[in-house]
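Residue numbers (this note's numbering): 54 to 272.
Below, the structure written as structure tokens:
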């Protein structure tokens with residue numbers, strides 16, 4: 054949006070509508086009119102709030118109708134792969150939700166290694182990426198670039214771990230690697246230091262995961 058002013062400033066307008074319909078019925082007129090204007094839906098989830106996960110926005114029921122419109126902008130101004138990473142992360146979270154009934158029946162330990170790895174990756178996305186502390190000086194604001202490198206790093210760990218599991222590694226070994234703790238610290242890392250830390254993580258990630266694979270093959 055270009056503001057009509059002598060210096061031709063460029064800005065944006067954000068419209069937020071808070072609606073709490075009786076019985077959670079979002080088909081009623083006020084909710085529908087609000088969604089028609091905003092074109093974005095953030096579903097607040099009491100179960101997330103009870104687990105101290107903030108912001109308590111359900112990632113599976115929330116949506117944005119601007120995704121396709123903004124994909125080209127993200128590809129140009131952030132990275133070509135950013136829209137694809139977002140889609141990949143959502144697919145992991147959906148698969149995690151699909152596995153919950155099985156986990157409740159048989160428990161995490163009884164799952165195949167590949168499914169354990171997927172659940173571990175989903176937990177990283179939830180806790181190390183989506184969860185935010187608004188009272189922390191660093192975590193309260195995150196640039197799009199930092200969001201991108203964090204998500205790229207988390208998903209890279211997930212892909213490499215999945216490949217390691219196919220080669221015989223155990224999910225529990227991979228989830229206890231020191232580099233995983235470094236990935237968890239990315240959200241608390243100041244913007245100016247993020248790229249350097251990501252370089253260290255990418256180097257150590259390959260070395261540590263390959264070490265687990267060698268150990269598994271040798272047994």
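Just so you know, even glycine gets a beta-carbon here, dropped at the ideal spot from N, CA and C.
Nothing here was measured: the structure is a model prediction, and the numbers come from that model.
Out of the options, state which residue places its alpha-carbon closest to the alpha-carbon of residue i.
{"i": "residue 91", "options": "77, 108, 115", "result": "115"}
{"i": "residue 183", "options": "231, 88, 139, 228", "result": "139"}
{"i": "residue 229", "options": "262, 74, 144", "result": "262"}
{"i": "residue 143", "options": "231, 252, 172", "result": "172"}
{"i": "residue 149", "options": "179, 87, 271, 236", "result": "179"}
{"i": "residue 170", "options": "194, 213, 205", "result": "213"}
{"i": "residue 259", "options": "225, 209, 175", "result": "209"}
{"i": "residue 238", "options": "271, 226, 224, 204", "result": "204"}
{"i": "residue 69", "options": "62, 93, 78", "result": "93"}
{"i": "residue 67", "options": "119, 105, 240, 254", "result": "119"}
{"i": "residue 254", "options": "268, 264, 269, 231", "result": "231"}
With a CB to CB cut of under 8 Å and the five nearest residues on each side skipped, what residues in its chain are close to residue i?
{"i": "residue 242", "result": "191, 250"}
{"i": "residue 196", "result": "244"}
{"i": "residue 164", "result": "152, 155, 156, 172"}
{"i": "residue 89", "result": "none"}
Give the straight-line distance between the Cα atoms of residue i and residue j, rounded to the nearest whole angstrom.
{"i": "residue 166", "j": "residue 133", "result": "32 Å"}
{"i": "residue 98", "j": "residue 130", "result": "32 Å"}
{"i": "residue 147", "j": "residue 160", "result": "19 Å"}
{"i": "residue 187", "j": "residue 112", "result": "18 Å"}
{"i": "residue 101", "j": "residue 107", "result": "7 Å"}
{"i": "residue 75", "j": "residue 86", "result": "16 Å"}
{"i": "residue 247", "j": "residue 256", "result": "14 Å"}
{"i": "residue 235", "j": "residue 60", "result": "45 Å"}
{"i": "residue 72", "j": "residue 58", "result": "34 Å"}
{"i": "residue 145", "j": "residue 174", "result": "8 Å"}
{"i": "residue 226", "j": "residue 78", "result": "45 Å"}
{"i": "residue 271", "j": "residue 122", "result": "50 Å"}
{"i": "residue 240", "j": "residue 168", "result": "26 Å"}
{"i": "residue 185", "j": "residue 177", "result": "13 Å"}
{"i": "residue 215", "j": "residue 202", "result": "20 Å"}
{"i": "residue 103", "j": "residue 193", "result": "20 Å"}
Please return the same chain residues whose Cβ sits closer than 7 Å to the Cβ of residue i, not counting the five positions on each side in sequence.
{"i": "residue 136", "result": "124, 127, 128"}
{"i": "residue 207", "result": "177, 178, 181, 182, 236"}
Would the C-beta of residue i count as close to the ligand ADP, meaning under 6 Å from any of its heavy atoms?
{"i": "residue 62", "result": "Here there are no bound small molecules, and the ligand ADP is not part of this structure."}
For residue i, I'd like the list of residues in its chain whose CB is within less than 6 Å of its CB, leaving aside the five on either flank, ordered along the chain.
{"i": "residue 110", "result": "95"}
{"i": "residue 266", "result": "217, 220, 222"}
Per DSSP, which residues does residue i bridge with? Please list them.
{"i": "residue 110", "result": "97"}
{"i": "residue 116", "result": "94"}
Say whether chain C places a C-beta atom closer than 7 Å to the C-beta of residue i.
{"i": "residue 214", "result": "Going by chain labels, chain C is absent from the structure shown, which holds only one protein chain."}
(message) Taking 8 Å as the cut-off, does the region 71 to 83 touch the region 149 to 158 (at least 3 CB pairs, one atom from each stretch)?
(response) No, the region 149 to 158 is not in contact with the region 71 to 83.
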